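> According to our numbering, numbering within the sequence shown proceeds without interruption in unit steps and concludes at 341.
Once you've had a glance at the structure underneath, I'll fire off some questions.
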Amino acid sequence: MNRNEVLVLTNRAMAKFQPSSKPMTRLPIRWFDSAWNPRILDKKLQPDLRFWSERLSAHNDSPSTIYPIGTSPQLVNHPMKHSPKCGRRFSRAFTLIELLVVISIIAILAGLLLPALVAAKNAAKKRAAMAEMKNLEAAINQYESTYGRYPGKASSIGDTTYGLTNYPGTIPLNSPGTVPTNSDVILAVMDYDGGSNTNHATNPQRHTFFSPAKMVTETNMPGFSTTDFQLRDPWGHPYIITIDYDADGYSKDAFYTLPVVSQTADATKGLDAMVRIGTPPSTGYYLKAPVMIWSMGLDGKADPTKPANQEVNKDNILSWQ
21 MNRNEVLVLT
31 NRAMAKFQPS
41 SKPMTRLPIR
51 WFDSAWNPRI
61 LDKKLQPDLR
71 FWSERLSAHN
81 DSPSTIYPIG
91 TSPQLVNHPM
101 KHSPKCGRRF
111 SRAFTLIELL
121 VVISIIAILA
131 GLLLPALVAA
141 KNAAKKRAAM
151 AEMKNLEAAI
161 NQYESTYGRY
171 PGKASSIGDT
181 TYGLTNYPGT
191 IPLNSPGTVP
201 TNSDVILAVM
211 DYDGGSNTNH
221 ATNPQRHTFF
231 SPAKMVTETN
241 MPGFSTTDFQ
251 LRDPWGHPYI
261 ITIDYDADGY
271 SKDAFYTLPV
281 VSQTADATKG
291 LDAMVRIGTP
301 PSTGYYLKAP
311 VMIWSMGLDG
321 KADPTKPANQ
331 EVNKDNILSW
341 Q
């Protein structure tokens with residue numbers, strides 16, 4: 021007999037076991053436990069049930085119950101046996117120690133992942149800064165091709181470095197060759213009506229050579245500020261721009277021209293593609309390009325007493341690299 025079936029025989033078949041001569045009806049049963057042994061009480065069928073009980077005992081592998089059609093077997097108090105696994109599965113709960121272990125594991129994983137996420141975020145910002153500097157450099161050169169001169173102060177004589185507003189070093193912000201903000205250059209290539217480009221004074225043909233990634237009102241956020249007209253890097257620091265106004269083919273940046281910053285063991289070659297021009301004591305380092313743009317990077321610092329590849333100067337982002 022199948023474990024999942026109950027055989028229902030006719031009353032006549034109860035008198036004599038003839039499974040092959042009488043039809044049987046199979047009723048499907050869904051078993052939810054490992055054992056089911058109900059007691060069946062029926063005085064009229066008592067002798068016959070004893071016979072069937074003996075027959076069923078011979079089939080140890082079948083827990084099925086047989087009862088005649090038309091009868092209503094009565095179940096007497098006979099509790100079902102429950103699987104120990106079933107009880108544990110539904111009654112078990114997390115203990116405080118288990119919860120603490122899980123929390124500790126999550127904290128460890130977060131500690132391992134957080135530095136990697138921060139590094140990835142900074143790397144993305146560095147790529148964005150490099151791309152923006154390249155676009156700005158191209159815009160400055162396009163401006164020169166259109167107007168025959170570079171954007172910026174018309175009175176500039178010699179190379180000029182713009183954007184040292186937040187520079188923490190010792191270079192005087194208003195010394196010859198430096199301008200505190202980069203707004204004069206940015207307004208001209210953007211053709212933004214304001215500041216030195218009011219009424220398109222420095223871009224009369226109204227060409228838009230450069231479009232910033234963001235327009236903001238704050239003066240410490242990434243993008244172009246409509247308040248002070250400066251363009252800032254992804255960390256909120258103004259880009260530093262140097263332009264070769266004397267047209268000698270070399271740009272002299274107020275920071276990277278310093279021997280302490282750019283000099284190497286071979287004094288004729290500087291760090292980061294800088295080259296020495298002149299003889300001591302007036303020696304300085306220059307870049308063979310009409311435009312230089314750089315960012316102080318994540319820390320927003322540049323130290324004129326340290327080499328370009330060390331300490332706070334190491335993370336500076338250079339358009340010419």
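Where is the CB? At the ideal position from N, CA and C, for every residue including glycine.
From a predicted model like this one, the values you see are computed outputs, not experimental measurements.
What residue from 298, 303, 277 has the CA that sits closest to residue 291's CA?
Here residue 291 is taken as the residue at index 271 of the sequence shown, counted from 1. Cα-wise, what sits closest to residue 291 is 277.
> Under 9 Å, do residue 204 and residue 173 count as touching if we go by C-beta distance?
Here residue 204 corresponds to residue number 184 of the sequence shown, with the count starting at 1. Here residue 173 corresponds to residue number 153 of the sequence shown, with the count starting at 1. Contact flag set, yes.
> Across which residues does DSSP place residue 117 in a beta bridge pair?
Counting from one through the sequence shown, the residue named residue 117 turns up at place 97. Looking at the DSSP assignment, residue 117 forms no beta bridge with any residue, so it has no partner.
> Roughly how far, in whole angstroms, is the beta-carbon of residue 263 from the beta-carbon of residue 170, given that I think they are within contact range, below 8 Å?
On the sequence shown, residue 263 is found 243 positions in, with the first residue counted as 1. On the sequence shown, residue 170 is found 150 positions in, with the first residue counted as 1. Contact flag correct, Cβ pair sits at about 5 Å.
> May I ask you to report which of helix, strand or coil DSSP gives residue 226?
Walking along the sequence shown from the start, residue 226 turns up at place 206. The answer is coil: DSSP assigns residue 226 none of H, G, I, E or B.
> Using DSSP with H/G/I as helix, E/B as strand and the rest coil, what is residue 215?
Looking up residue 215 in the sequence shown gives position 195. Helix.
> Return the residue from the list 274, 305, 335 that minimises the CA-CA distance to residue 183.
Start at 1 with the first residue of the sequence shown, and residue 183 comes out as number 163. The candidate whose alpha carbon is nearest that of residue 183 is 274.
> Considering only the alpha carbon of each residue, which of 159, 237, 251 lies closest to residue 209?
By one-based count along the sequence shown, residue 209 stands at place 189. The residue with the shortest Cα to Cα distance from residue 209 is 159.
> Quick one: grab the DSSP three-state call for residue 294.
Locating residue 294 in the sequence shown gives position 274, counting from the first residue. Residue 294 falls in the coil class under three-state DSSP.
> With a CB to CB cut of under 7 Å and the five nearest residues on each side skipped, what residues in its chain are close to residue 215?
For this step, residue 215 is matched to residue 195 along the sequence shown. So the qualifying residues of the chain are 203, 207, 249.
> Run the CB neighbour count on residue 120, radius 10 Å, all protein chains shown included, and call it buried at 16 or more, exposed below.
Along the sequence shown, one-based indexing puts residue 120 at 100. When all chains shown are included, residue 120 counts as exposed.
> Which residues share a DSSP beta bridge with residue 128?
Numbered from 1 along the sequence shown, position 108 holds the residue referred to as residue 128. Note: residue 128 sits in no beta bridge, so no partner.
> How far does the beta strand (DSSP E) with residue 245 in it reach, from first residue to last?
For this step, residue 245 is matched to residue 225 along the sequence shown. Taken as a continuous stretch (DSSP letters only), the beta strand (DSSP E) holding residue 245 covers 243–245.
> Classify residue 271 as helix, strand or coil using the three-state DSSP reduction.
Against the sequence shown, residue 271 aligns to sequence position 251. It is a strand residue.
> From 233, 234, 232, 217, pick the residue whose C-alpha is nearest to that of residue 226; which is it?
Translated into positions along the sequence shown, residue 226 becomes position 206. Closest option to residue 226, Cα to Cα, is 217.
> Check each candidate in 177, 143, 163, 286 and name the one with the smallest Cα separation from residue 317.
Along the sequence shown, one-based indexing puts residue 317 at 297. Checking every option, the nearest Cα to that of residue 317 belongs to 143.
> Around the Cβ of residue 178, are there at least 16 other Cβ atoms within 10 angstroms (buried) or fewer (exposed)?
The sequence position of residue 178 within the sequence shown is 158, counting from 1. Exposed is the call here.
> Could you spell out where the beta strand (DSSP E) holding residue 311 opens and where it closes?
Here residue 311 refers to the residue found at position 291 of the sequence shown. Unbroken beta strand (DSSP E) run through residue 311: 311–315.
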